[in-house]
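So the structure is just underneath, and the comments pick up after that.
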Amino acid sequence: MKTSMVTKSVFSFVVMFVCSMMVSASMPRDYKYDTKFVDGKVVSKTVFSQVNGLLNKQVRYEFTYNNDGKVAEKKAYRWNGDNGEWAPYYLISYKYDKGTIESTYGMWNKRKNNFTLGVQSMTIPDANYKEIFN
Numbered sequence: 015m016k017t018s019m020v021t022k023s024v025f026s027f028v029v030m031f032v033c034s035m036m037v038s039a040s041m042p043r044d045y046k047y048d049t050k051f052v053d054g055k056v057v058s059k060t061v062f063s064q065v066n067g068l069l070n071k072q073v074r075y076e077f078t079y080n081n082d083g084k085v086a087e088k089k090a091y092r093w094n095g096d097n098g099e100w101a102p103y104y105l106i107s108y109k110y111d112k113g114t115i116e117s118t119y120g121m122w123n124k125r126k127n128n129f130t131l132g133v134q135s136m137t138i139p140d141a142n143y144k145e146i147f148n
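If you're matching positions, the sequence shown starts at 15 in my numbering and goes up one per residue.
Here you go:
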């Protein structure tokens, strides 16, 4: 009888925990953006989450452009609240050639101080530029 009560209690606790996780995951988050422009082009964007009226730094993106005015790199940083600094997160480099965009993605490697973790490449049609960068 006691094991039955304990089992029911544990089961109830697990069900309540899962339900609370599902509710919090479905609640929309309130994000605010600080976007910097130079010559009509986005050079950086900082994303803040708003909780109880306070803004919390989340992610910062930096963009560089090639001579044709197209995005050459998108570098992302995550906020490290422990040391109060932006930590490198990932880098996407874009090369444009003969109607295609070749993107190379790499995550920050702390030991090597570069973006060499999980490097992946993808080639897509140049016609998709506006879909990617708008």
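All residues carry an ideal CB built from backbone N, CA and C; glycine is no exception.
No experiment lies behind these values; they were computed from the predicted model shown.
Asked: Beta carbon of lysine 1 nearer than 9 Å to that of tyrosine 75; Found: In this structure the chain extends from 15 to 148, so residue 1 is not present and cannot be described.
Asked: Beta-carbon proximity list for glutamine 72, same chain, < 7 Å, skipping 5 on both sides; Found: Val61, Phe62, Ser63, Trp93
Asked: Residue environment, leucine 5, which counts as buried when at least 16 other CB atoms sit within 10 Å; Found: What is shown of the chain runs 15 to 148, which leaves residue 5 out entirely.
Asked: For lysine 144, the first and last residue of its enclosing alpha helix (DSSP H); Found: 143-147
Asked: Paired residues, beta bridge with aspartate 100 - DSSP; Found: In the sequence as presented, aspartate is not what sits at residue 100; that position holds tryptophan. Tryptophan 100 pairs with Trp93.
Asked: Nearest candidate by alpha-carbon position, reference methionine 121, set Ser135, Thr114, Asp111; Found: Ser135
Asked: Isoleucine 146 classed as buried or exposed, judged by whether at least 16 other C-beta atoms fall within 10 angstroms; Found: exposed
Asked: Helix, strand or coil at aspartate 111 according to DSSP, with G and I counted as helix; Found: strand
Asked: Residue environment, phenylalanine 129, which counts as buried when at least 16 other CB atoms sit within 10 Å; Found: buried
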